[in-house]
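Engineer: If you scroll down you'll find the structure; I have some questions about it.
There are 2 protein chains.
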Amino acid sequence: MASSIHDLARHLNISIGTVSRALNGRADVNADTRQRVLDAAKKLNYSPNQSGRSLRRGATHSVAFMLQPHPGDQEYGEPFFIPFLTGLQAKLAESGLDLIVVMGAPGDYQQERLRRVVETRRADAVVLAWTRREDERIDYLTQAGFPFATLGRSRSGGDSYPSLDLDFEKAGADAVDRLVARGHRRIAAIRPSLDLNFGYLFLAGYRKALRRHGIEFDPELIAEGFINEAGGYAVTPKVMRSKDPPTAIIFNNDAMALGGCKALAEAGIRPGHDVAVIVIVDTPLCRYFSPALTGFRPALEPMGERLAEMLLASIPAFAGTEGARIIREVWPLELIARDSD
Amino acid sequence: MASSIHDLARHLNISIGTVSRALNGRADVNADTRQRVLDAAKKLNYSPNQSGRSLRRGATHSVAFMLQPHPGDQEYGEPFFIPFLTGLQAKLAESGLDLIVVMGAPGDYQQERLRRVVETRRADAVVLAWTRREDERIDYLTQAGFPFATLGRSRSGGDSYPSLDLDFEKAGADAVDRLVARGHRRIAAIRPSLDLNFGYLFLAGYRKALRRHGIEFDPELIAEGFINEAGGYAVTPKVMRSKDPPTAIIFNNDAMALGGCKALAEAGIRPGHDVAVIVIVDTPLCRYFSPALTGFRPALEPMGERLAEMLLASIPAFAGTEGARIIREVWPLELIARDSD
DNA sequence: ACGTTTTCCGTAAACGTTTACGAGAACACA
DNA sequence: TGTGTTCTCGTAAACGTTTACGGAAAACGT
């Protein structure tokens with residue numbers, strides 16, 4: 001079934017070395033024979049065995065993205081990543097790299113899966129998401145000397161790897177500014193664990209802006225939940241039970257906001273009327289909610305493309321003559337004003 | 342850096358053959374030496390090179406899932422698949438198989454990517470989703486003799502491959518039954534292209550139930566849109582503009598329903614009050630919407646596990662002594678009654 | 001003590017590539 | 001004609017495994 005380079009060689013009555021050279025575009029092969037090889041390859045439907053090639057070259061020509069059902073997030077998935085992956089895939093393909101997505105089991109935070117990918121050399125590089133403030137995966141990879149890039153920053157690993165993150169700190173501050181400008185003084189924040197770096201950054205921006213406006217930070221207006229609908233649903237009532245309830249709520253992502261709005265509705269509080277709502281990481285979901293949620297929209301597909309470029313530039317084998325460069329970028333979040341605040 | 346089987350052998354002063362046999366649990370190796378090999382492997386942090394192993398064995402020990410941003414669905418992703426993949430991954434891992442998710446570019450319906458996976462032998466089997474009524478991917482795979490399984494049925498390929506599907510026909514009929522029992526006679530259906538098999542099945546069930554209740558089928562109450570929020574948003578107004586507007590709407594999935602409800606709200610029509618809403622493929626999104634949407638919930642994670650079993654059973658190399666069996670199953674959809682109908 | 005079986009291990013080939021090396025042929029130039 | 005250069009290709013080794021084969025040593029049975 002599977003035709004190998006030997007079949008091609010036999011068919012053309014030339015050596016496998018020549019076939020390989022012809023296929024790989026090397027200079028030392030006659031233009032005529034090259035053409036014959038190419039024709040035969042098409043005719044016999046030949047394509048190189050990936051294992052054989054990887055083994056010889058010592059590279060798999062593929063990049064792994066570690067996708068993980070977030071802890072506590074058994075039921076709902078991560079639409080967030082799809083456009084990102086689309087961009088990543090497209091850019092990698094331009095360099096002849098395949099993107100493979102490795103599913104982690106829920107809960108183990110990928111350590112085990114990651115080791116497996118690295119140690120069995122299934123990919124030449126990996127891309128991490130859901131970066132934590134202190135991230136053992138990053139420590140592991142830097143220590144192992146394995147190429148990687150991250151979607152999101154971390155304090156781990158120093159500046160030794162490329163990373164692309166969103167400016168959650170500024171978004172948190174901008175959200176507060178906007179709400180204050182609209183007359184709000186009691187502003188709640190619903191966020192995930194501070195381990196997750198974007199939760200940490202968001203809160204930092206929130207507090208900074210509060211301080212700037214001379215508003216005292218009130219721990220009662222902060223609640224921590226799982227970063228999904230159930231999390232938002234569970235913890236939003238907490239901040240509403242404050243002695244001096246908030247008139248506005250900032251949610252750290254769309255799923256939390258949906259769950260939170262549900263809880264509000266059940267308590268007879270109308271989001272957008274009785275309490276203002278802003279979402280930090282907005283997806284199309286927010287747009288189609290009623291009321292349409294004001295939020296900060298990330299440019300996910302361009303981010304995927306950019307991170308691919310950054311990863312490639314950091315790998316000596318790919319960087320070419322210019323040498324490897326570590327690039328780190330923080331992209332702005334664009335505010336989309338809608339009806340909920 | 343990477344320690345090979347040769348390093349192990351040299352370190353222990355035995356041959357690589359013995360090391361390999363020890364590692365692979367073959368019988369013809371002394372219990373004592375085996376232990377020494379295992380210890381050394383742990384100490385030297387050895388794990389076999391995947392490319393070398395695949396090359397020799399002629400198998401990659403991995404299964405590919407073809408994930409694709411749906412045509413027209415650039416912005417929003419597919420949360421639907423995450424729990425399914427979790428189950429699939431877990432079950433495959435039990436048999437020592439890796440799951441890799443291959444991203445397709447939007448639009449090309451995967452044909453090209455699929456060829457690539459098959460021809461370069463990157464995986465031993467593939468899993469397909471979004472099955473169409475006539476599915477060229479299935480034709481290609483059966484013709485190539487490549488093992489695969491599908492989430493969803495198709496008319497292509499006969500009974501030559503395992504498939505697991507949901508009973509969309511029954512769900513469509515059940516939805517109609519339920520609405521009729523609640524006094525509705527004008528029931529609209531918002532569905533995707535009939536190419537997509539589940540859209541076809543849904544409509545068949547819908548029509549059958551209508552006939553059973555003696556209600557005439559009205560094409561004005563059917564609308565076709567992209568299977569996402571934008572699709573639902575775009576086409577729902579169409580059915581509402583009917584001369585005799587519907588008092589109930591069945592949406593083919595949650596995303597369409599969200600978009601549809603948005604459109605209704607903007608027209609001053611309250612879902613759950615002014616018009617009843619039922620969703621065929623329900624996700625947690627429906628639960629956290631206001632009003633909470635009545636829908637049919639699939640058991641995604643168990644489905645993933647089951648499809649993995651079915652796939653494994655169909656591959657002679659894995660089926661063991663019992664021989665390969667092709668299993669096809671259709672699972673029921675469980676109605677979750679909530680507030681929208 | 002001797003033949004037979006069992007246990008254990010080393011040798012070497014094979015999987016499908018890529019590539020360093022060298023050789024023959026053609027060509028150029030004097 | 002001789003020498004050097006350029007084209008083109010074949011040979012063979014190497015990547016890291018697994019495994020068929022055979023043989024030495026040990027264990028067993030009489």
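Chains as they are written, first to last, in our numbering: chain A, 1 to 341; chain B, 342 to 682. The beta-carbon is built from N, C-alpha and C at its ideal position, and this holds for glycine as well.
Within 8 Å (strictly less), CB to CB, does Ala617 (chain B) reach chain A?
Structural biologist: Here residue 617 (chain B) corresponds to residue number 276 of the second sequence, with the count starting at 1. By this cut-off, Ala617 (chain B) is not an interface position.
Engineer: Tell me the rounded alpha-carbon separation between Pro237 (chain A) and Leu300 (chain A).
Structural biologist: Locating residue 237 (chain A) in the first sequence gives position 237, counting from the first residue. Locating residue 300 (chain A) in the first sequence gives position 300, counting from the first residue. Distance between the alpha carbons of Pro237 (chain A) and Leu300 (chain A): 31 Å.
Engineer: Label Asn538 (chain B) either buried or exposed according to how many other C-beta atoms from any shown protein chain fall within 10 Å of its C-beta, with 16 as the threshold for buried.
Structural biologist: Locating residue 538 (chain B) in the second sequence gives position 197, counting from the first residue. It counts as buried.
Engineer: According to a CB-to-CB cut-off of less than 8 Å, which residues of the region 244-262 of chain A neighbour chain B?
Structural biologist: Leu258, Gly259, Cys261, Lys262
Engineer: Around the Cβ of Leu114 (chain A), are there at least 16 other Cβ atoms within 10 angstroms (buried) or fewer (exposed)?
Structural biologist: Locating residue 114 (chain A) in the first sequence gives position 114, where the first residue counts as 1. With 16 or more other Cβ atoms within 10 Å, it is buried.
Engineer: If we cut at 8 Å on Cβ distances, does Val442 (chain B) have a partner in chain A?
Structural biologist: By one-based count along the second sequence, residue 442 (chain B) stands at place 101. Closer than 8 Å: yes.
Engineer: Using a beta-carbon distance cut-off of less than 7 Å, what residues from the region 567-578 of chain B approach chain A?
Structural biologist: Glu570, Tyr574
Engineer: Is there at least one Cβ from chain B nearer than 8 Å to Thr294 (chain A)'s Cβ?
Structural biologist: On the first sequence, position 294 is the one that residue 294 (chain A) refers to. For Thr294 (chain A), the answer is no, since every Cβ of chain B falls outside 8 Å of its Cβ.
Engineer: Can you give, in chain order, each stretch of the beta strand (DSSP E) that sits fully within the region 128-196 of chain A and has at least 3 residues?
Structural biologist: 148-151, 163-166, 187-191
Engineer: Give the straight-line distance between the Cα atoms of Leu67 (chain A) and Val277 (chain A), rounded to the nearest whole angstrom.
Structural biologist: Your numbering for residue 67 (chain A) matches position 67 in the first sequence. Your numbering for residue 277 (chain A) matches position 277 in the first sequence. Near 29 Å, if we compare the C-alpha coordinates of Val277 (chain A) and Leu67 (chain A).
Engineer: What residues in the region 538-567 of chain B have a beta carbon less than 8 Å from any beta carbon of chain A?
Structural biologist: none
Engineer: With a threshold of 8 Å between beta carbons, is Thr359 (chain B) in contact with chain A?
Structural biologist: Walking along the second sequence from the start, residue 359 (chain B) turns up at place 18. Contact of Thr359 (chain B) with chain A is not assigned, every C-beta pair being separated by 8 Å or more.
Engineer: Near Asp254 (chain A), which residues of its chain fall below 8 Å by C-beta distance, leaving aside the five closest residues on each side in sequence?
Structural biologist: If you number the first sequence from 1, residue 254 (chain A) lands on position 254. Cβ within range, chain order: Val279, Val281, Asp282, Thr283, Leu285, Cys286, Leu293, Gly295.
Engineer: So what's Thr18 (chain A) in DSSP terms, helix, strand or just coil?
Structural biologist: Start at 1 with the first residue of the first sequence, and residue 18 (chain A) comes out as number 18. Three-state DSSP puts Thr18 (chain A) in a helix.
Engineer: For Leu408 (chain B), name the three-state secondary structure that DSSP assigns.
Structural biologist: Position 67 of the second sequence, counted from the start, is the residue given in the question as residue 408 (chain B). The answer is strand: DSSP assigns Leu408 (chain B) an E or B state.
Engineer: Against chain B, with Cβ distances strictly below 8 Å, would Gln35 (chain A) count as a contact?
Structural biologist: Here residue 35 (chain A) is taken as the residue at index 35 of the first sequence, counted from 1. With 8 Å as the cut-off, Gln35 (chain A) does not count as an interface residue toward chain B.
Engineer: Closer than 8 Å, CB to CB, is Gln430 (chain B) near chain A or not?
Structural biologist: Locating residue 430 (chain B) in the second sequence gives position 89, counting from the first residue. Chain A contact via Cβ: present.
Engineer: Would you call the region 356-372 of chain B and the region 313-328 of chain A touching, i.e. three or more CB-CB distances under 8 Å?
Structural biologist: The region 356-372 of chain B vs the region 313-328 of chain A: no contact.
Engineer: So Ala40 (chain A) packs on Ala446 (chain B), CB below 8 Å; how close in whole Å?
Structural biologist: Looking up residue 40 (chain A) in the first sequence gives position 40. Looking up residue 446 (chain B) in the second sequence gives position 105. Not confirmed; about 29 Å, so no contact.
Engineer: Note down the Cα distance separating Gly205 (chain A) from Ser340 (chain A), rounded to an integer number of angstroms.
Structural biologist: The count along the first sequence starts at 1 and reaches residue 205 (chain A) at position 205. The count along the first sequence starts at 1 and reaches residue 340 (chain A) at position 340. If I take the Cα positions, the gap works out to 21 Å.
Engineer: Any chance you could list the alpha helix (DSSP H) runs of at least 4 consecutive residues sitting entirely within the region 564-635 of chain B, in chain order?
Structural biologist: 570-581, 595-607, 625-628
Engineer: What are the boundary residues of the alpha helix (DSSP H) that includes Asp380 (chain B)?
Structural biologist: Position 39 of the second sequence, counting from 1, holds the residue named residue 380 (chain B). The continuous alpha helix (DSSP H) containing Asp380 (chain B) extends over residues 372-384.
Engineer: Within 10 angstroms of its Cβ, does Gln110 (chain A) collect 16 or more other Cβ (buried), or is it exposed?
Structural biologist: Along the first sequence, read from residue 1 onward, the residue named residue 110 (chain A) stands at position 110. The residue in question, Gln110 (chain A), is buried, as its Cβ has 16 or more Cβ neighbours within 10 Å.
Engineer: Check each candidate in A:Gly87, A:Asp7, A:Ser160 and name the one with the smallest Cα separation from Lys42 (chain A).
Structural biologist: Within the first sequence, the letter at position 42 stands for residue 42 (chain A). Residue A:Asp7 is the option with its Cα nearest to Lys42 (chain A).
Engineer: 8 Å is my cut-off, CB to CB: does Tyr344 (chain A) come that close to chain B?
Structural biologist: This structure cannot speak to residue 344 (chain A), because chain A is shown only from 1 to 341.
Engineer: Exposed or buried, which one is Leu311 (chain A) when buried takes at least 16 other CB atoms within 10 Å?
Structural biologist: As a position in the first sequence, residue 311 (chain A) is number 311, starting the count at 1. Buried: at least 16 other Cβ atoms inside 10 Å.
Engineer: Please report whether the beta-carbon of Asn24 (chain A) lies at a distance below 8 Å from any beta-carbon of chain B.
Structural biologist: For the purposes of this step, residue 24 (chain A) is taken as residue 24 along the first sequence, with counting starting at 1. Taking Cβ atoms only, chain B never reaches closer than 8 Å to Asn24 (chain A), which makes this a no.
Engineer: Grab me the residues of Ser356 (chain B)'s own chain with a C-beta within less than 7 Å of its C-beta, minus the 5 sequence neighbours each way, in chain order.
Structural biologist: Stepping through the second sequence from its first residue, residue 356 (chain B) is reached at position 15. Cβ within range, chain order: Ala350.
Engineer: Tyr161 (chain A) touches chain B at which residues, Cβ-Cβ below 8 Å?
Structural biologist: Within the first sequence, residue 161 (chain A) is the residue found at index 161, counting from 1. Those do not exist, as Tyr161 (chain A) stays about 17 Å from chain B at its closest Cβ, beyond 8 Å.
Engineer: Determine the direct distance from the alpha carbon of Asp174 (chain A) to that of Arg212 (chain A), and round the result to whole angstroms.
Structural biologist: Here residue 212 (chain A) corresponds to residue number 212 of the first sequence, with the count starting at 1. Here residue 174 (chain A) corresponds to residue number 174 of the first sequence, with the count starting at 1. The alpha-carbon atoms of Arg212 (chain A) and Asp174 (chain A) are separated by roughly 12 Å.
Engineer: Got a sec? Which residues, its chain only, sit under 6 Å from Ala529 (chain B) by beta carbon, not counting five neighbours each side?
Structural biologist: To locate residue 529 (chain B), count along the second sequence from 1; it is residue 188. Hits under 6 Å: Leu562, Val580, Pro587, Ile590.
Engineer: State the DSSP-derived secondary structure class of Leu438 (chain B), mapped to helix, strand or coil.
Structural biologist: Indexing the second sequence from 1 puts residue 438 (chain B) at position 97. Note: Leu438 (chain B) maps to coil in three-state DSSP.
Engineer: Could you tell me if Glu169 (chain A) is buried or exposed, where buried requires 16 or more neighbouring beta carbons within 10 angstroms of its beta carbon?
Structural biologist: In the first sequence, residue 169 (chain A) corresponds to position 169, counting from 1. The residue is buried, with at least 16 neighbouring Cβ atoms inside 10 Å.
Engineer: Given Ser655 (chain B), which residues of its chain have a CB within under 6 Å of its CB, disregarding the five upstream and five downstream residues?
Structural biologist: On the second sequence, position 314 is the one that residue 655 (chain B) refers to. The answer, listed in chain order, is Pro503, Ala665, Ile667.
Engineer: Can you check whether the C-beta of Gly152 (chain A) is within less than 8 Å of a C-beta belonging to chain B?
Structural biologist: Walking along the first sequence from the start, residue 152 (chain A) turns up at place 152. Output row for Gly152 (chain A): interface = no.
Engineer: DSSP three-state call for Ile556 (chain B): helix, strand or coil?
Structural biologist: As a working mapping, residue 556 (chain B) is identified with position 215 in the second sequence. Three-state DSSP puts Ile556 (chain B) in coil, outside helix and strand.
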